[in-house]
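Single-structure report; data block below.
Protein chains in written order, with our numbering: chain A, 3 to 260; chain B, 12 to 316.
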C-alpha cells in the first residue's frame, strides 16, 4: 500500500529512524511483526522490497517507525528519501512476539539494530520489561536514549569497547541479570542468538528469538528465507516466524553464512 | 465490453494471467493479498512424490532487475498437497494447475497418477527444467527425447491436460517444444529460470552452494520473449509466456509474440497483488484500442515478419 514518509533522520551515526503513515491494520500489528518496504520510483532496480521490524507504533500520529542501518544499496537509497516522499509498505507480516505470562519477569536482549522489534515490546508492556541493549560502541546504542526517556523503560547498556554502560556484550549483561523462570525476548546477530539458546537451556529460562534471514517476498510465497526447524523441516522465517521459541529451531543445522 | 477469457485445451480461463509456480506458494498464502477468483489460474508450487526439504541457505539474492534463487524445490509432497491444499482451494472459484516433478520417470508417473481422480485440478504443469536440483532437473529438459518421454508418461498417468514447462538453457528451444507437442502436451510454458551465478568477492566463493542458480525477473524478459516467439512459430499447441512480466504492457508483448496466456512470477514477490493490476491494464489497453477478444492481437507480430 502507498504511504508517505513523515520523517527520515539519522539518529546515530549510520542508524536511521524512518516514520511512515500507517493504516489501521498496520497499527493493529503485534510487536515483533515486520513490514516490507520499497521506495516509489525504484522501478525494477532495486527489485525486491526490504524487510524491517516495526520499531515503534506511533498510534497518535497514525504512523509506524522503522529503525535501519544504511548498509546495502536498498537501505542507502532509503536513507536518501525525505519527508513527503511516497513509499510502498506491505504489512504487518509475520507472527510477532507472544504475550508474556503475567507475573514473570521479562528481559529484552538486543544486539545493535536487533533492538528494532524489541522497543515495541517494551512499549506494549507499558515499560514493565527490562531492556538489555548491547553494541560495539556507544554509536550502536545511543539512538535508544530517546525511547528510554519517552517510554520510561529500564535499560542496561553494554558496549564492547566500554564507551558507554557496562563493558561487554548484551549476553554478558544478560548473564548477570537473568534468573530461572524469566522470559527472554532476543534479537541480534546469529552468534548472540546461539548464546541465548545455550543459556536458556543452562539457566532454565524461556526464550523467544526474532530470527533474521535474507528475504525474497516476506509473505511465504517464495521459500527463500528458511531456517531449519527442530522437527527437521525448513521453516519460513517470514511466515512461520520471524519470532520462534528457541526450542522450535534446530540450532546445530543453522550455519553461520555471513 | 472486453472479453479476456481464453479457452485452452478445453478449459475456459477467466483471463490469460496466471500465477507462476514457485512464486505463489500453494495459493493459500496469496489469499490475504489478492482475490484468487480474479486471476486466470493459480499454478501451485511444484510437488514431488515425497516431500523435499530443498537447498540450504543462502537461497536467494537480488541482481540488477532480477532475482537469483536456489530454493531447490522444497515442497510438502503430493499427498499433503491433495489432503491439505486442494480442500482449501475448493473454496475459491479459480482454475488450479498443479506443477509436478520427479527425480526420474517413475517419480513423474507416480506424482502424476495421484491426480487421476482429483477433479479440483484443471491441468498439470510438468517441470522439465529446474536448474537447482542435482538429479534430473535441467538435464531432462535439454533432451527432446526424455522431455517427450516424461510428457507422454504424465499424460497417460494423470488423464489431464499436461503443460510442459521448458527450460531456456538450451541453444534451440523449437525441437524440444515440438517433441513435447508430439508426445501429447496440451500446451507449453516458456520459460523457466535462466542459469546464472553470483560470486562473493570477499570470501572468493560462489554465493550459492550449487554454484549456479535460477535467474528470474525483469532482467530476463527480453530473452524470455524471444523464446516465446520462437516457440509459438514452432508448435500449434498454446504457448504460455513467462519471464519478468510485471505489467499489462509486458503481458501484451508476450501475447503479441504469440502467447495464449502468460504467467506472472517474480513480480508476485514484490507485490502479491500485482496480477490484479496486470489484468486491469490489459483490459484498459483493449478498451482503448477497440479490441474485443485477445485473439485479435495474439501472435500479431508474426504477420509482419
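Just so you know, even glycine gets a beta-carbon here, dropped at the ideal spot from N, CA and C.
Between the alpha carbons of residue 158(A) and residue 72(B) lies a gap of roughly 36 Å. For residue 85(B), same chain residues with a beta-carbon under 7 Å away, outside a window of 5 residues either side, are 63, 64 and 65 in chain order. DSSP places residue 242(A) inside the alpha helix (DSSP H), whose first and last residues are 239-242. Along the length of the region 133-212 of chain B, whole beta strand (DSSP E) runs at least 3 residues long occupy 134-138, 173-177, 198-201 and 205-208, reported in chain order.
Contact between the region 55-71 of chain A and the region 7-23 of chain A is present: 3 or more CB-CB pairs across the two stretches fall below 8 Å. Annotated three-state conformation of residue 147(A) is helix, per DSSP.
For the region 213-225 of chain A, the beta-carbon criterion of a distance under 9 Å to any beta-carbon of chain B is satisfied by 215, 216, 217, 218, 219, 220, 221, 222, 223, 224 and 225. Listed in chain order, the non-local C-beta contacts of residue 97(B) below 6 Å within the same chain comprise 131, local neighbours out to five positions each way being set aside.
Secondary structure note for residue 296(B): it is in no beta strand (DSSP E), and the uninterrupted alpha helix (DSSP H) holding it is 285-299. In the structure shown, the three-state DSSP call for residue 26(B) is coil.
Rounded to the nearest whole angstrom, the C-alpha separation of residue 216(A) and residue 165(B) is 36 Å. Residue environment for residue 247(B): exposed (fewer than 16 other C-beta atoms within 10 angstroms of its C-beta). Counting only Cβ-Cβ distances below 8 Å, residue 228(A) has contacts in chain B at 65, 68, 70 and 85, in chain order. Spatial neighbours of residue 139(A) in its own chain (CB-CB distance under 7 Å, excluding positions within 5 residues in sequence) are listed in chain order as 161, 163 and 165.
In the structure shown, residue 279(B) falls within a helical segment according to DSSP collapsed to helix, strand and coil. The Cβ neighbour count for residue 70(B), taken over all protein chains shown within 10 Å, is at least 16; the residue is labelled buried.
Put simply, the backbone Cα of residue 108(A) is about 9 Å away from that of residue 180(A).
Residue range 4-14 is occupied by the beta strand (DSSP E) that includes residue 10(A). Identification of chain B residues near residue 48(A) by a Cβ-Cβ cut-off of 7 Å yields 73, ordered along the chain. Taking the Cα of residue 123(B) as reference, the smallest distance to any Cα among 105(B), 57(B), 78(B) and 180(B) is reached at 57(B).
Residue 311(B) counts as exposed, since fewer than 16 other C-beta atoms from the protein chains shown sit within 10 angstroms of its C-beta. Neighbours of residue 82(B) in chain A, taken as residues at a C-beta separation under 8 Å, are given in chain order as 224, 225 and 226. Note that the C-beta distance between residue 191(B) and residue 140(B) is not below 7 Å. Judged by DSSP secondary structure, residue 175(A) falls within the alpha helix (DSSP H) whose first and last residues are 172-179. Residues of the region 65-80 of chain A that bring their beta carbon within less than 7 Å of a beta carbon in chain B are absent altogether.
The C-beta of residue 279(B) comes closer than 7 Å to at least one C-beta of chain A. Residue 48(B) is positioned such that its CB atom lies closer than 7 Å to that of residue 105(B). With a beta-carbon spacing of about 5 Å, residue 227(B) and residue 204(B) fall inside the 8 Å limit used to define contacts.
Between residue 232(B) and residue 269(B), the gap from beta carbon to beta carbon reaches 7 Å or more.
Taking 9 Å as the Cβ-Cβ cut-off, the region 41-62 of chain B approaches chain A at 41, 43, 44, 56 and 62, given in chain order. Secondary structure at residue 57(A): coil, using DSSP grouped into helix, strand and coil. It is roughly 13 Å from the alpha-carbon of residue 251(A) to the alpha-carbon of residue 203(A).
Bridge partners of residue 66(B) according to DSSP: none are assigned.
At a cut-off of 7 Å between C-beta atoms, residue 258(B) does not count as an interface residue with respect to chain A.
Per DSSP, reduced to three states, the secondary structure at residue 216(A) is coil, with no helix or strand assignment. Below the 8 Å Cβ cutoff, chain A contributes 49, 50 and 218 as neighbours of residue 78(B), in chain order.
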